[in-house]
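Asker: Dropping a structure here in structure tokens format, bear with me for questions.
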Amino acid sequence: MTPVLHLSGMPELPEVETIRRALEPLLLGERLTGLEVLDARIVQGDAAQLRVEALGRRIAEVMRRGKHLMLLLEGGKGIVLHLRMTGSLLLNEPERSPRVRAILSFSNGTQLFFNDMRRLGTIALINDVEAYCLRLGPEPLSEGFTTDSLARCLAGRRIPVKAALLDQHLVAGVGNMYADEALFQAGLHPLIPAGDLHSGQVQRLWIAIRAVLERAIASQGASINTYCLPNGQKGSAHDSFSVAHKKGDPCPACGTPIDRVMVRKRGSYYCPECQRHS
DNA sequence: CATTGTCCCTGGAAGC
DNA sequence: TGCTTCCAGGGACAAT
């Protein structure tokens with residue numbers, strides 16, 4: 057398998073969904089036969105309990121919730137994998153720059169290598185999948201995410217709209233790149249207080265969030281960073297980015313150079329002309 | 001409750 | 001050249 061030299065990264069909803077789709081046909085119905093933890097820090101909670109509960113169980117469902125990838129086990133519990141910044145799930149062991157933190161083995165011979173340069177990614181046992189998911193906001197591509205629900209979440213809040221989009225309690229799965237893309241498409245400056253948006257702007261934002269995520273899933277995610285598919289292949293969603301990571305490039309709509317501003321310690325790219333603050 | 005700040009972690013880039 | 005410092009950023013957690 058081709059080793060991928062990683063830069064930095066951030067798998068968001070479209071990337072995790074792409075991984076989920078790649079893994080589902082390989083893992084569904086198989087038993088977890090091995091769980092080798094090479095770096096104990098990757099396991100959140102009780103590692104021994106994770107082994108006891110997960111080993112030998114069949115994978116009943118390969119699901120995604122926000123940026124969390126979940127392997128639901130027969131019996132109701134589950135394993136949750138979070139890639140955070142630089143994590144990747146590979147079907148073949150990377151030959152070079154090995155940053156393998158855990159290896160999951162399955163009854164059909166499939167092996168999953170949890171590769172993570174910065175060790176921020178996590179694996180954990182979920183005892184109650186439903187309760188776990190309730191901590192997260194609605195899935196942006198589900199019927200539970202509506203203009204009304206978005207408006208209710210933003211109402212009265214003084215935090216920048218960009219920060220609101222990154223809050224996983226508000227809507228699950230939007231990260232730094234797609235927040236910038238959605239705000240651009242909606243024509244909103246990242247620093248506008250969330251509660252200041254009028255209904256028309258909320259509606260545009262709702263449409264934009266869904267559109268950028270759907271388009272990115274269709275492109276199998278963005279690989280400007282460490283993200284890659286389990287087979288090492290790269291997505292191409294970044295090819296259609298308008299502003300994210302494009303400081304200085306001309307805005308695709310008006311030609312004005314893309315600017316960058318810090319919003320709560322997050323680099324935020326936007327068009328100063330198309331995304332006015334007022 | 002709402003919001004802000006700190007920490008985790010590694011490696012590339014920038015500055016002196 | 002070689003050192004230090006900053007930065008990337010998702011999310012848990014602490015502090016205000």
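Remember, our numbering sits 56 above the position in the first sequence when you count from 1.
We put the CB at the ideal spot given by N, CA and C, even for glycine.
Would you mind sorting C71 into buried or exposed? The rule is 16 or more other CB atoms within 10 Å of its CB.
Answerer: Note that residue 71 is Glu in the sequence shown here, rather than Cys. By the neighbour-count rule (16 or more Cβ atoms within 10 Å), E71 is buried.
Asker: With DSSP as the reference, please indicate the residues paired to R121 in a beta bridge.
Answerer: DSSP output for R121 lists H124 as bridge partner(s).
Asker: Check whether the segment 263-276 touches the segment 188-208, taking contact to mean three or more Cβ pairs, one atom from each stretch, closer than 8 Å.
Answerer: yes
Asker: Drop a sphere of 10 angstroms on the beta-carbon of K302, count the other beta-carbons inside from all chains shown, and report buried for 16 or more, exposed for fewer.
Answerer: The residue is buried, with at least 16 neighbouring Cβ atoms inside 10 Å.
Asker: What residue range is occupied by the uninterrupted alpha helix (DSSP H) comprising S205?
Answerer: 203-210
Asker: Please tell me whether L137 and T178 are closer than 9 Å, where the distance is taken between their beta carbons.
Answerer: yes
Asker: Using a Cβ-Cβ cut-off of 7 Å (strictly less than) and excluding sequence neighbours within five positions of R332, which residues of its own chain qualify?
Answerer: The residues are H245.
Asker: Which full runs of the beta strand (DSSP E) of 3+ residues lie inside the segment 149-226, going along the chain?
Answerer: Fully enclosed beta strand (DSSP E) runs of 3 or longer: 156-162, 167-172, 178-182.
Asker: Taking C-alpha atoms, which residue in L190, I135, G231 lies nearest to P106?
Answerer: Here residue 106 is Leu; the residue named in the question, Pro, does not match the sequence. Measuring from the Cα of L106, the nearest candidate turns out to be I135.
Asker: Is it right to say H124 is buried, meaning 16 or more other beta carbons lie within 10 angstroms of its own, or is it exposed?
Answerer: H124 is buried by the Cβ-count criterion.
Asker: Quick check on this structure: which residue in P154, E109, T74, E130 has the alpha carbon closest to the alpha carbon of R120?
Answerer: T74
Asker: Taking contact to mean 3 or more Cβ pairs, one atom from each stretch, closer than 8 Å, check whether the segment 312-323 and the segment 218-226 are in contact.
Answerer: Judged by Cβ distances under 8 Å, the segment 312-323 makes contact with the segment 218-226, as three or more pairs qualify.
Asker: Can you list, in chain order, the stretches of the alpha helix (DSSP H) that have 4 or more residues and sit fully within the segment 236-315?
Answerer: 255-274
Asker: Taking the alpha carbon of L285 as the reference point, which residue from L145, L82, I115 has its own alpha carbon closest?
Answerer: L145
Asker: Let's see if you can read the secondary structure: which residues bound the alpha helix (DSSP H) around R107?
Answerer: 103-110
Asker: Does the Cβ of A300 have 16 or more other Cβ atoms within 10 Å, making it buried, or fewer, making it exposed?
Answerer: buried
Asker: For the beta strand (DSSP E) that T89 lies in, which residues bound it at each end?
Answerer: Start and end: 88-93.
Asker: L129 by DSSP, collapsed to three states: which one?
Answerer: strand
Asker: Quick check on V318: does DSSP put it in helix, strand or coil?
Answerer: It is worth fixing the name first, because residue 318 is Met in this sequence and not Val. Strand at M318.
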